[in-house]
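Positions in the sequence shown are counted from 1; adding 75 to them yields my numbering.
Here's the structure, in structure tokens; my notes come after.
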Amino acid sequence: MNAKLIFAGLSLLFAACSNESEQPIVVENPVEDSVTLVPIKVHVNEFKTTMTDFDEARAMTRGAEDPSKYDNLKAITLAFYDEDNKEVYKKTQVKNDGSVISFNDFTADLPIGHYTLLALGYFYSSSDEFVLTSLTEAAFTSDKPRETFALTQDVTVTSGNPLQLELTLKRLTPKLTIRSTDVRSVSVKRMRTTYAKGGKRFNPTTGYALDNNGFTQTQSANTDDANLLKIASYPFLASESDNIDITIEALDANDQVLFIKHIPAVPLKRNAETTISGPIFTTGSSTIGITLDTDWLPGYEVTF
76 MNAKLIFAGL SLLFAACSNE SEQPIVVENP VEDSVTLVPI KVHVNEFKTT MTDFDEARAM
136 TRGAEDPSKY DNLKAITLAF YDEDNKEVYK KTQVKNDGSV ISFNDFTADL PIGHYTLLAL
196 GYFYSSSDEF VLTSLTEAAF TSDKPRETFA LTQDVTVTSG NPLQLELTLK RLTPKLTIRS
256 TDVRSVSVKR MRTTYAKGGK RFNPTTGYAL DNNGFTQTQS ANTDDANLLK IASYPFLASE
316 SDNIDITIEA LDANDQVLFI KHIPAVPLKR NAETTISGPI FTTGSSTIGI TLDTDWLPGY
376 EVTF
């Protein structure tokens, strides 16, 4: 039985936002009456970051960036699903773990047929646990969710010549940055942030959280050169934007609460950075302020 090998190259672009319509991918092969395995080569090339005003009145795109140099992109998972949504291929690459020669390249052999491609790019550390259960379910099952990009794309493998295609991944998550305007107490070792809504489990095809019950994450009390707190988190939202009550707790080495702040109705939006700033380590302070930073979407600012 004769088999003919077809090569198709796909370039993945990481983007904060894109308004372009996604067209089905078709790889053609004139061979008839034969079973053909088609090598599909996926190359993660460059990505673009798009900044959009909160009211979406305009959009700006800055220069393309090499994903291998983007600090918050540490892992890429690529999967193909058949017409019954059964997984037929899945592979994850972790940057600089020594398991791959090129962080940006994938190759899969697929028979002729119709598929859905799913690509996910996300931050990943040795303490993280990320699980892709199906086309419509994924989760960060460890302490905190991470900045995440995704794309789903129809792929029809039928017949044809080698093809070079480009795919653009969209950012799914908002970013919450917490800054203190007072110096961190030496007894504060960790910070605990509790979200009243949102989650860590999400649908990769929509980017929305699969539950809206909230979660708690704990992280090191990182500071800048002036010893002012600066930490970030990336919750998944159940809708494009939401106002969420946030609780911030400063913990000692034994996880005992030293200081606590409640910030109501913090505005969060996918692909937008919200900054909370104010005196966290001062007893009795209560003024609150919020900003939305322009690094992602021009932003909210909450000062407290």
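Quick reminder that beta carbons are idealized off the backbone N, C-alpha and C, glycines included.
- Burial check for K149: the Cβ neighbour count within 10 Å reaches 16 or more, so the residue is buried.
- Spatial neighbours of A328 in its own chain (CB-CB distance under 6 Å, excluding positions within 5 residues in sequence) are listed in chain order as K264.
- A contact between stretches requires three or more CB pairs, one per stretch, nearer than 8 Å, and the stretch 306-322 meets this requirement with the stretch 274-281.
- Collapsing the DSSP output to three states places N318 in a strand.
- Of all alpha-carbon atoms in P186, L244 and T269, the one lying nearest the alpha-carbon of G289 is that of T269.
- In this structure, L195 keeps its C-beta atom at 7 Å or more from the C-beta atom of N160.
- Unbroken beta strand (DSSP E) runs of no fewer than 3 residues, entirely contained in the stretch 202-264, are found at 205-209, 212-215, 223-232, 238-246 and 250-258, following chain order.
- Non-local beta-carbon contacts of I335 in its own chain, meaning distances under 6 Å to residues more than five positions away in sequence, involve E324 in chain order.
- T357 is bridged by DSSP to nothing; it lacks a bridge partner.
- When secondary structure is reduced to three states using DSSP, T281 falls in the coil class, being assigned neither helix nor strand.
- Measuring C-alpha to C-alpha distances from D286 to each of T256, R254 and A214 identifies A214 as the nearest.
- With distances taken between CA atoms, R221 lies nearest to Y199 out of L153, A284, F356 and Y199.
- Ranked by how close their Cα comes to the Cα of A301, the residues T216, R259, G282 and V332 have R259 in first place.
- T216 and V206 do touch by the CB rule: their CB atoms are close to 6 Å apart, below 8 Å.
- If you draw a straight line from the Cα of Q331 to the Cα of G353, it is about 21 Å long.
- Between the alpha carbons of P342 and L247 lies a distance of about 16 Å.
- Take the alpha-carbon of T350 and the one of Y156: they are about 38 Å apart.
- For P186, the secondary structure class from DSSP, reduced to helix, strand or coil, is strand.
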